[in-house]
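Down below is the structure, laid out as structure tokens.
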Amino acid sequence: MIQALLTVALVVVSALAVAKFPRSVLVFLLFQGSLVFVYRAQIPEWLRRSLLAVALLVLMPAIGYFNGYYLEIATQVGIFVALALGLNIVVGLAGLLDLGYVAFFAVGAYSWAIFGSPHANVIFGGGFPLAGWWFYVFLLVGLGTAAITGILLGLPVLRLHGDYLAIVTLGFGEVIRVLANNLDKPINFTNGPKGITPISRPPAPFGLPYGEYFYFLVLLIVVAVVIVNRRLEDSHIGRAWEAIREDELAARAMGVPLVRMKLMAFACGASFAGVMGVLFSAKQVFINPESFTFLESIGVLAMVILGGMGSIPGAVLGATVVTVLNLQVLKGFSLWLNELKNAGVTVLGYSLADLPTQFEPAKYERMVFGVILVLMMIFRPQGIFPARRRQRELAQPGG
Amino acid sequence: MSLFEARSVTKRFGGLTALHGVDFALERGIASIIGPNGAGKTTLFNIFTGLYAADDGSVTFRGQPLLGLRPDQITALGICRTFQNIRLFSNMTAIENVLVGMNSRIALGLWDVLSHSRSFRRTESDLAARAIGLLDRVGLQANANAVARNLPYGDRRRLELARALAAEPALLLLDEPTAGMTQGEAGTLMRLLRGLVADLGLAIILIEHNMRVVMEVSDRVTVLDHGEKIAEGSPREVQENVRVIEAYLGTRGAGPRGARRA
Ligand SMILES: Nc1ncnc2c1ncn2[C@@H]1O[C@H](COP(=O)(O)OP(=O)(O)OP(=O)(O)O)[C@@H](O)[C@H]1O
Ligand SMILES: [Mg+2]
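Taken in order, these protein sequences are the chains called A and B. With numbering that gives the first Met the number 0, the residue at position 321 of the first sequence is 320, and numbering never jumps. With numbering that gives the first Met the number 0, the residue at position 248 of the second sequence is 247, and numbering never jumps.
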């Protein structure tokens, strides 16, 4: 009861605080933290659900009205949550280490980028871009294309395990990126490193601003992805994946069709990335191969590991933490340091204005990130919200 | 037509001939395969279940050739097994292990799972009930939610049996199911197997080192040595067979159980 009151109060206060100080990074972090608290607090299920619904459906867009950048952060968090959940199926459930996951995101993004922009005229003659409503069709096209790509990747790597699998998928990710970079000749499919722009956006309903529109669309897809993930996990399909991860040979002998289940894992994981890719290209209006580097794949993998492999809440939280850290905390810290510099503040007799620009925290994104990962692996290798089964595995001495 | 028939099965590992033209047939009941260490008993099971490819010979089940089929296809046809060195899904619970064993009997598609269709919900609750029933049958009902790895040794063996039964096999292959059990536990298990044969009409091939168990429970016994079948018949006949006594005593100077690897 006290917990329930506390939780409600926390959400309300943090939301009010964001409205009052729309620029403060710390206050927005407080708001995000309150959502995690809602998730963890021991309160009735209906209260938890309504609080989360109010926060995500009402408060967050309202915050976006005061500070559009926060809505942008929330949208990006959502995109990465969906990616992390997709990769979670492949790595966390089926135990197939995939280092080229972002390739499927690229496949989805390029499928809409090409047909949703005048660029397709170069390939097919006239008639493009497709009308905005085709975007919704392409959410499915992106899903299908990515799933097929996932199967194509899956076929040659079926016999590979662990390190070998990781290397091949890494190569696959690079192949897709290099293709995007070089398929501007002889037929210009991807426009090479210059990228494709302008990519059409769908007509937003109710005259919603695009920031809000994409936020709601991402939220909708994330909810769908979470449901799909949970249903897969709690079915014979999820159990078959777990069994493959535990003991492939025994799983085969117990009647698990190995090839089909592995391909299904690759296809399911890839399809989430494909959908988000389509959305990403429309949201960004411009895409080029730089958005789909190896580091992105590693980033998504880090989200899954940080959150706890095989755990759905883990993937959600991992994606949130990493994205917020990159976009908000480190950038915010840099801004703050810059303000201090400009104000001519001195620390222990040292003028901050003399600090070389190399010391800007934003430049240390990857390093801070790496340090956090290392610390996590040492002190909490099972992740923030570990899957029950992972907990059991790590409880066993000698892994 | 026999339920299960293997003809001149041969398997080589490099220069070693692990099986050399082995014939084997089973109609019903319990058939045991015995033989000293390295005789090729487990290899035979691995070929029967599609884990190894045979170099020569044929295997048929209800008239259908098995060689060349995948393990999951063979399981779907109605043959399931346990392993000599228990291979459970150790971080899954007992009931989850059994549920995985039912995989080949589930006719649901991806869409049923995603939409939680009526047939999905009905199937899931049926499966859970059946899994509990199987755990009950092997005496593990109280441990349904225990993590497999944490179960005592004997329970893990019995869980593996329940998992194999979950595939609804017509033929069950058990690789040393009583290894590491006391004589009492082994006796209980054998009564359970006899019950399965009587109730479900199950046929069982048993690899065993425990001679007392073998003599008590088997309808027929096949003896392998160095990859060759050296004797076959009723337990009594085999026991008195000169070649068998030689294989166990003559060349190795120890009884059957003394011949076991330590
Ligand atoms: N995968 C393999 N690769 C190479 N040699 C193998 C392989 N599997 C089995 N062997 C060899 O084949 C022979 C038969 O082995 P198998 O495991 O079938 O014996 P077994 O009768 O089950 O013995 P045990 O009573 O010790 O279980 C042994 O010499 C063994 O070393
Ligand atoms: Mg053996």
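Note that the Cβ used here is the ideal one computed from N, Cα and C, for glycine as well.
For A169/B, the nearest beta carbon of chain A is not closer than 8 Å to its own beta carbon. Residue state for Y212/A is assigned as helix, using DSSP reduced to three classes. Residue environment analysis places Q2/A among the exposed positions, since fewer than 16 neighbouring C-beta atoms fall within 10 angstroms of its C-beta.
Just measuring C-alpha positions, the residue of V146/B, R136/B, P168/B and P151/B sitting nearest R190/B is R136/B. The beta carbon of R121/B lies closer than 6 Å to none in the same chain, with the five residues before and after it left out. Contact between the stretch 341-350 of chain A and the stretch 93-104 of chain A is absent: fewer than 3 CB-CB pairs across the two stretches fall below 8 Å. For the stretch 75-86 of chain B, residues whose beta-carbon sits nearer than 8 Å to a beta-carbon of chain A comprise A75, C79, R80, F82 and R86. Of the residues assessed, Q41/A falls on the exposed side of the cut-off, its CB having fewer than 16 other CB atoms within 10 angstroms. Every residue whose beta carbon comes nearer than 7 Å to a heavy atom of ligand 2 appears here in chain order: K40/B, T41/B, Q83/B, D174/B, E175/B and I206/B. In the DSSP assignment, the residues bridged to Q63/B are F60/B. Checking the DSSP bridge columns, you'll see Y349/A partnered with V346/A. In this structure, L248/A has its beta carbon at no less than 7 Å from each heavy atom of ligand 1. If you ignore the 5 residues before and after A83/A, its C-beta comes within less than 8 Å of the C-beta of V299, M302, V303, G306, A314, V315, G317 and A318, all in its own chain and listed in chain order. Inclusion of V11/A and F27/A in the CB contact set at 8 Å is not warranted, their separation being larger than that value.
G85/A and A106/B have their C-alpha atoms roughly 25 Å apart.
With distances taken between CA atoms, M253/A lies nearest to L50/B out of I244/B, L50/B and V146/B. Within the stretch 6-46 of chain B, the complete beta strand (DSSP E) runs of at least 3 residues fall at 15-25 and 29-33.
Per the Cβ contact rule, the stretch 227-246 of chain B is not in contact with the stretch 47-63 of chain B (fewer than 3 Cβ pairs under 8 Å). For L151/A, there are no C-beta contacts with chain B under 8 Å, since the nearest C-beta of that chain is about 18 Å from it. Under a 10 Å Cβ-count criterion, Q327/A is classified as buried, with 16 or more other Cβ atoms of the shown protein chains found around its own Cβ.
Residues of chain B with a Cβ closer than 8 Å to the Cβ of L248/A are, in chain order, L50 and R86. Listed along the chain, the chain A residues whose CB falls inside 7 Å of the CB of V112/B are R230, L231, S234 and I236. The closest heavy atom of ligand 1 lies less than 7 Å from the beta carbon of N36/B. Using a Cβ-Cβ cut-off of 8 Å, P256/A counts as an interface residue toward chain B, since at least one Cβ of chain B sits closer than that to its own. Between the stretch 178-194 of chain B and the stretch 122-129 of chain B, the count of Cβ pairs shorter than 8 Å is below three; the stretches do not touch.
In the three-state reduction of the DSSP assignment, A3/A falls in the helix class, which pools H, G and I. Going by DSSP, E289/A is part of no alpha helix (DSSP H) at all; its letter is neither H nor E. The C-beta of A130/A comes no closer than 8 Å to any C-beta of chain B. Boundaries cannot be given for I198/A, as no alpha helix (DSSP H) includes it and DSSP labels it neither H nor E. Under the criterion of beta carbons closer than 8 Å, F384/A and S310/A qualify as touching, at roughly 5 Å. Short note on A17/B: C-beta closer than 7 Å to some heavy atom of ligand 1. In the three-state scheme derived from DSSP, where H, G and I count as helix and E and B as strand, E227/B is classed as strand. F293/A and D246/A have their C-alpha atoms some 30 Å from each other.
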